[in-house]
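**Q** Following numbering that gives the first Met the number 0, the numbering of the sequence shown begins with 0 at its first residue and continues without gaps. All C-beta atoms in this analysis are idealised placements derived from N, C-alpha and C, irrespective of residue type, glycine included.
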Amino acid sequence: MPDTVLSSQVTPPSKLICAFSSAANVAALAADEKAQISLDGGVTWLDSTVSGTTWSYDNQAATLADGTYNVQVRVIDTAGNVGQTASQSVTVDGVVSTAAIAITSITTDSGASATDYITNDNTLVFNGTLGAALAADEKAQISLDGGVTWLDSTVSGTTWSYDNQAATLADGTYNVQVRVIDTAGNVGQTASQSVTVDGVVSTAAIAITSITTDSGASATDYITSDNTLVFNGTLGAALAADEKAQISLDGGATWLDSTVSGTTWSYDNQAATLADGTYNVQVRVIDTAGNVGQTASQSVVIDGVVSTAAIAITSITTDSGASATDYITSDNTLVFNGTLGAALAADEKAQISLDGGATWLDSTVSGTTWSYDNQAATLADGTYNVQVRVIDTAGNVGQTASQSVVIDGVVSTAAIAITSITTDSGASATDYITSDNTLVFNGTLGAALAADEKAQISLDGGATWLDSTVSGTTWSYDNQAATLADGTYNVQVRVIDTAGNVGQTASQSVVIDGVVSTAAIAITSITTDSGASATDYITSDNTLVFNGTLGAALAADEKAQISLDGGATWLDSTVSGTTWSYDNQAATLADGTYNVQVRVIDTAGNVGQTASQSVVIDGVVSTAAIAITSITTDSGASATDYITSDNTLVFNGTLGAALAADEKAQISLDGGATWLDSTVSGTTWSYDNQAATLADGTYNVQVRVIDTAGNVGQTASQSVG
C-alpha cells in the first residue's frame, strides 16, 4: 500500500483540514483503498477525500475545542486491511493575545522632531512598547513591506525593538506594521506607522549677509550694540517643499526655523534679548528628514556698554572771526579740535559730523584730546551744525557735543580810505603830521557796509585791530582816551566781516611829534619903521619887511612863522642862522594896529617860543596947512625979511587947522636932514632954538606936519640968513 503523509493547517477557530500526499514512494490508491483520519486517537476514523496522490479532510463544519490532538491517518481497503499509518500531534489554540503593541520611535529619527518618523537614516532601529508582557508562545513582529513579510523583534518586558541596521533601506515612505502573534498564529493587537526615509541632501548654498541693526563701523562688520537682532541671508536656489533654512545662535546646540522668501531668508530675534558677547551664528539648509545641506557661519559681536567719557569741541583752526572762540571763520579748510573727559577704551573712538549727523568721520585721538583735519576738503560757505561723539566698535554712542560753525568766504568790495586826523597840526590839514597825541581818525567808505561788516583801524602796523564807528559811508575812530607816543605810525584801515574776511584796505603814514622847540624868537624891526624912532613900530609903510632874531639855530623840521592877523593865519619866514625876516612888500597892509606875532613851530605843529609886537600902520596924510610966520628976533630991515643977527632964534608959525592927536609940527634947520618937534598951541606953533647957537649963514628952514607913523603932510620953507 502507498505511504501516507499527514499535513495540517489549523485556522482558528479550531477547524482542522487534514490531507495526505505521497512522497517519492507514494502511489495512487487502488480502487478499494481509501485514506482515513482519526482526530480522537484512533477511536473513530473519518474518510478523507483523495485526489491522485493527495488527500484532505475538511473538518470546518465541526469546531474543535482548544487542545492538543494526536491526529492519525491510515490507508485502509475495503477488506479492512490497514496499510501505512502516520500521526501528528496537532495543537488547537484559538486564544488571541490582548497585549497592546505600539511603534514609539525609530533610531535615528532625524526629522523635525524625534517622533515625526521622518529620517535620513537608511539603517534604522525600530522601537516600541507592549501593553503587557507577552505569553511564552507570543512574540512581537514587524513588517517593513506592508505586511508581506514579518520579522521577529526582540522583546524585553513591555518593550520591543527591531534592529534593521544590517539592511539598508532605500529612500521612500514605508508603511511599517507591528503585531503580537502566538505560536498558533493568532494575531493580536497591531499598529502601523508611516516612516519616511530620505537621504537626499540639498545642494542649495546658504549665506549670512547682514544683521539688523549692524551698528558697527560698517554695515557688514557684524559688530552691534543691538541686543534684539534680525538676521538676514541668501540662498543659492529656491528650497524644495521639504527643505528649510535654520539658524543657530548657540553654536549649533539649538536650531531655529527662519522665514524663507524665494532665495532670501531672515530670522527675527527681536522678541528675545541677546546678552552682550560674541556669538558663533550658524545657518544651514535642512530637509524634513534632517538631511543637512550647505552651511555657513558668522561671528557676531554684541556690545551694549556705552562709554561715559565726555567730549567737547574747543576750537577750530583758523577761527578768523571777532574772537578765537566765536566759531565764525573765512577758512574753508578747517581743523577741528576738542577734548575728552577721559582716555578712550581700545574699542572706542571720537567721531565728528559736519552734516548734522548724516555721516560721521573718525578723528585723531591723543590722550584726552582729539582733532579732525578737514583741510583736504573745502567746505562751502554756510552754517554747520558740527557734532562730535564717542562711539565704540559696536556703535554704542556715548557722550555727544555740538557747535554751530559759520563759514563765510565772501569778501566785501566796499572801498575804504583815511581822509583826516583830528587835529592835524602839521603844515597842512592833510599832511598827517601832528603834535596831537590824542587823535581822532576819520575816513570814508565806498558803500554802506553789510550787517556783518565793520571798518577797523590798526595803529601798530596790523598787529592789533580796533573797531571804528561807522555812519553810512563814513567812519571814525576816537583814540583820545589813549595817548600815542611820539613817532611815525603806519596807520592801516580795512573792511572786515564777522568771519574775518578782509576786504579793501588803505594805509597812511602819520607822524606824531610832541617835542617843542626851545629856541627863543624876537621881533627886532620893521622896514621901514617910519615912526618917531626906528623901533617904535609905527609906520606909514604899508609894504613892510619884518625882521627878528632866534635864540638858536632851528632844527630841520622847525621854522619861524609870523602872523599879521593876531594868530589867525601864519606865514613862513625866511631863516638864516639865528635871524629871520618876512618880506610882506608884495601885500599892502591896510592902515591899522597889528598884533604881529612870531613863533617857532615844527612840522608836527608844535609851537615853541613866541613873541609879539604891536605895529601901527598909518598911511593917512594930514591936510593941515603949515607956515613959518616969523623968527624972534628978526633984526633985519623989516620984521619979516628973515634976516637977523640973532644966533639963538625962536621960530614961529601957523597951522591951517588944529592937529590930530598923532600929528605934530616939525622944523628942520639943516635942509631936512634932521627934524625937531615944535610946540603946538591950537593953530600956532613955535620952536625955541635959543639953547643952540646957530652959526652965521643962510638956513633953508623947513616945517612940516607929520604924524606918529611918519606921514608927512603939508610943508613950508623959509630962507633965514
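Considering only C-alpha positions, which residue in the set 656, 604 and 706 is nearest to residue 676?
**A** Along the sequence shown, one-based indexing puts residue 676 at 677. Of the listed residues, the one whose Cα sits closest to residue 676 is 706.
**Q** CA-CA distance, residue 673 and residue 646?
**A** On the sequence shown, position 674 is the one that residue 673 refers to. On the sequence shown, position 647 is the one that residue 646 refers to. Taking the straight line from one Cα to the other gives about 19 Å.
**Q** Tell whether a beta-carbon distance below 8 Å holds between residue 401 and residue 603.
**A** Position 402 of the sequence shown, counting from 1, holds the residue named residue 401. Position 604 of the sequence shown, counting from 1, holds the residue named residue 603. No; because the gap between Cβ atoms is not below 8 Å, this pair is not in contact.
**Q** Can you check which of these residues, 635, 293, 64 and 197, is closest to residue 168 by C-alpha distance?
**A** On the sequence shown, position 169 is the one that residue 168 refers to. Of the candidates 635, 293, 64 and 197, the one whose C-alpha sits nearest the C-alpha of residue 168 is 197.
**Q** What separation, rounded to the nearest whole angstrom, lies between the Cα atoms of residue 244 and residue 364?
**A** As a position in the sequence shown, residue 244 is number 245, starting the count at 1. As a position in the sequence shown, residue 364 is number 365, starting the count at 1. Between residue 244 and residue 364, the C-alpha separation is close to 45 Å.
**Q** Counting along the chain, where does the beta strand (DSSP E) carrying residue 629 start and finish?
**A** As a position in the sequence shown, residue 629 is number 630, starting the count at 1. Its beta strand (DSSP E) spans residues 625–631.
**Q** So if DSSP puts residue 246 in a beta bridge, which residue, or which two residues, is it bridged to?
**A** As a first step, residue 246 must be located in the sequence shown, where it is residue number 247. Residue 246 has 255 and 282 as its beta-bridge partners, per DSSP.
**Q** Closer than 7 Å: is that where the CB of residue 537 sits relative to any heavy atom of the ligand ATP?
**A** As far as ligands go, the structure on display features none, and thus does not contain the ligand ATP.
**Q** Keeping to the same chain, check which residues put their C-beta closer than 6 Å to that of residue 683; ignore five residues upstream and five downstream.
**A** For the purposes of this step, residue 683 is taken as the residue at position 684 of the sequence shown. Excluding positions up to five away in sequence, the list reads 653.
**Q** Have a look at residue 30 and residue 37 and give me their C-alpha separation to the nearest angstrom.
**A** The residue labelled residue 30 in the question sits at position 31 within the sequence shown. The residue labelled residue 37 in the question sits at position 38 within the sequence shown. Their Cα atoms are separated by approximately 21 Å.
**Q** Taking the continuous beta strand (DSSP E) assigned at residue 192, which residues delimit it?
**A** Position 193 of the sequence shown, counting from 1, holds the residue named residue 192. Its beta strand (DSSP E) spans residues 186–196.
**Q** Where do the ends of the beta strand (DSSP E) carrying residue 494 lie?
**A** Working through the sequence shown from its first residue, we reach residue 494 at position 495. Where residue 494 is concerned, the enclosing beta strand (DSSP E) stretches over 486–496.
**Q** Are residue 474 and residue 449 close, meaning C-beta to C-beta below 8 Å?
**A** Position 475 of the sequence shown, counted from the start, is the residue given in the question as residue 474. Position 450 of the sequence shown, counted from the start, is the residue given in the question as residue 449. Residue 449 sits away from residue 474, with the two beta carbons spaced by 8 Å or more.
**Q** With H, G and I counted as helix, E and B as strand and the rest as coil, what does DSSP make of residue 20?
**A** By 1-based counting over the sequence shown, the position of residue 20 is 21. Low local confidence applies: a pLDDT of 39 at residue 20 is under 50, so the model's placement there is unreliable, with the coordinate-based value given in what follows. If DSSP states are grouped into helix, strand and coil, residue 20 belongs with the strands.
**Q** If I measure Cβ to Cβ from residue 366 and keep anything under 7 Å in the same chain, skipping five residues before and after, which residues do I get?
**A** Here residue 366 refers to the residue found at position 367 when the sequence shown is read from its first residue. Cβ within range, chain order: 342.
**Q** Going by DSSP, what residues sit across from residue 351 in a beta bridge?
**A** Looking up residue 351 in the sequence shown gives position 352. Answer by DSSP bridge pairing, in chain order: 360 and 387.
**Q** Report, in whole angstroms, the separation of the C-beta atoms of residue 284 and residue 296, which I expect to be a contact under 8 Å.
**A** The sequence position of residue 284 within the sequence shown is 285, counting from 1. The sequence position of residue 296 within the sequence shown is 297, counting from 1. The pair is not a contact, with the Cβ atoms about 14 Å apart (cut-off 8 Å).
**Q** Excluding sequence positions up to five away, which residues of its chain have a Cβ less than 8 Å from the Cβ of residue 226?
**A** Looking up residue 226 in the sequence shown gives position 227. Within the same chain, residue 226 has close Cβ partners 272, 273, 274, 275, 301 and 303.
**Q** Do the segment 422–432 and the segment 384–395 touch if we need at least three Cβ pairs shorter than 8 Å?
**A** At 8 Å Cβ cutoff, the stretches do not touch.
**Q** Which two residues bound the contiguous beta strand (DSSP E) that contains residue 36?
**A** On the sequence shown, position 37 is the one that residue 36 refers to. Taken as a continuous stretch (DSSP letters only), the beta strand (DSSP E) holding residue 36 covers 32–37.
**Q** For a minimum of 3 consecutive residues, which ranges assigned as the beta strand (DSSP E) are wholly contained in the segment 476–551?
**A** 486–496, 501–511, 520–526 and 544–549
**Q** Could you tell me the distance, in whole angstroms, from the CA atom of residue 417 to the CA atom of residue 560?
**A** Reading the sequence shown from its first residue, position 418 is the one you call residue 417. Reading the sequence shown from its first residue, position 561 is the one you call residue 560. About 29 Å.
**Q** Specify, as a first and last residue, the run of the beta strand (DSSP E) that residue 591 falls within.
**A** Sequence index remark: in the sequence shown, residue 591 carries index 592 (1-based). Residue 591 -> beta strand (DSSP E) spans 591–601.
**Q** Could you tell me the distance, in whole angstroms, from the CA atom of residue 22 to the CA atom of residue 52?
**A** Stepping through the sequence shown from its first residue, residue 22 is reached at position 23. Stepping through the sequence shown from its first residue, residue 52 is reached at position 53. Interpretation of residue 22 is limited by its pLDDT of 40, a score under 50 that renders its predicted location unreliable; the figure taken from the coordinates is listed afterwards. In a straight line, the C-alpha of residue 22 is about 8 Å away from that of residue 52.
**Q** Out of 387, 39 and 142, which one is the CA nearest neighbour of residue 348?
**A** Counting from 1 along the sequence shown, the entry for residue 348 is found at position 349. Of the listed residues, the one whose Cα sits closest to residue 348 is 387.
**Q** In the structure shown, what three-state DSSP assignment does residue 443 receive?
**A** What you label residue 443 is simply residue 444 of the sequence shown in a count that begins at 1. Strand.
**Q** Helix, strand or coil: how does DSSP classify residue 702 here?
**A** As a first step, residue 702 must be located in the sequence shown, where it is residue number 703. Look at residue 702 here: in three-state DSSP terms it is strand.
**Q** When we look at the beta-carbon of residue 28 and count the other beta-carbons within 10 Å, is it buried (16 or more) or exposed?
**A** For the purposes of this step, residue 28 is identified with residue 29 of the sequence shown, where counting begins at 1. So residue 28 counts as buried.
**Q** Quick check: is the beta carbon of residue 345 nearer than 8 Å to any beta carbon in chain D?
**A** Chain labels in this structure do not include chain D; a single protein chain is all it has.
**Q** Beta-carbon separation of residue 701 and residue 714 under 8 Å?
**A** The residue you call residue 701 lines up with position 702 of the sequence shown. The residue you call residue 714 lines up with position 715 of the sequence shown. The answer is yes: Cβ separation under 8 Å.
**Q** Using the rule of at least 16 other Cβ atoms within 10 Å of the residue's Cβ for burial, across every protein chain shown, is residue 465 buried or exposed?
**A** Within the sequence shown, the letter at position 466 stands for residue 465. Exposed is the call here.
**Q** Report buried or exposed for residue 42, applying the criterion of at least 16 other Cβ atoms within 10 angstroms of its Cβ.
**A** Taking the sequence shown and counting its residues from 1, one reaches residue 42 at position 43. In this structure residue 42 is exposed. Its beta-carbon is surrounded by fewer than 16 other beta-carbon atoms within 10 angstroms.
**Q** Classify residue 147: buried if its beta carbon has 16 or more other beta carbons within 10 angstroms, exposed otherwise.
**A** Position 148 of the sequence shown, counting from 1, holds the residue named residue 147. The residue in question, residue 147, is exposed, as its Cβ has fewer than 16 Cβ neighbours within 10 Å.
**Q** With DSSP run on the structure shown, which of helix, strand or coil describes residue 431?
**A** Here residue 431 is taken as the residue at index 432 of the sequence shown, counted from 1. Three-state result, residue 431: coil.
**Q** Could you give the first and the last residue of the continuous beta strand (DSSP E) run that contains residue 339?
**A** Against the sequence shown, residue 339 aligns to sequence position 340. Per DSSP, residue 339 belongs to the beta strand (DSSP E) from 334–339.
**Q** Measure the C-alpha to C-alpha separation of residue 221 and residue 340 and round it to an integer number of angstroms.
**A** For the purposes of this step, residue 221 is taken as residue 222 along the sequence shown, with counting starting at 1. For the purposes of this step, residue 340 is taken as residue 341 along the sequence shown, with counting starting at 1. Between residue 221 and residue 340, the C-alpha separation is close to 29 Å.
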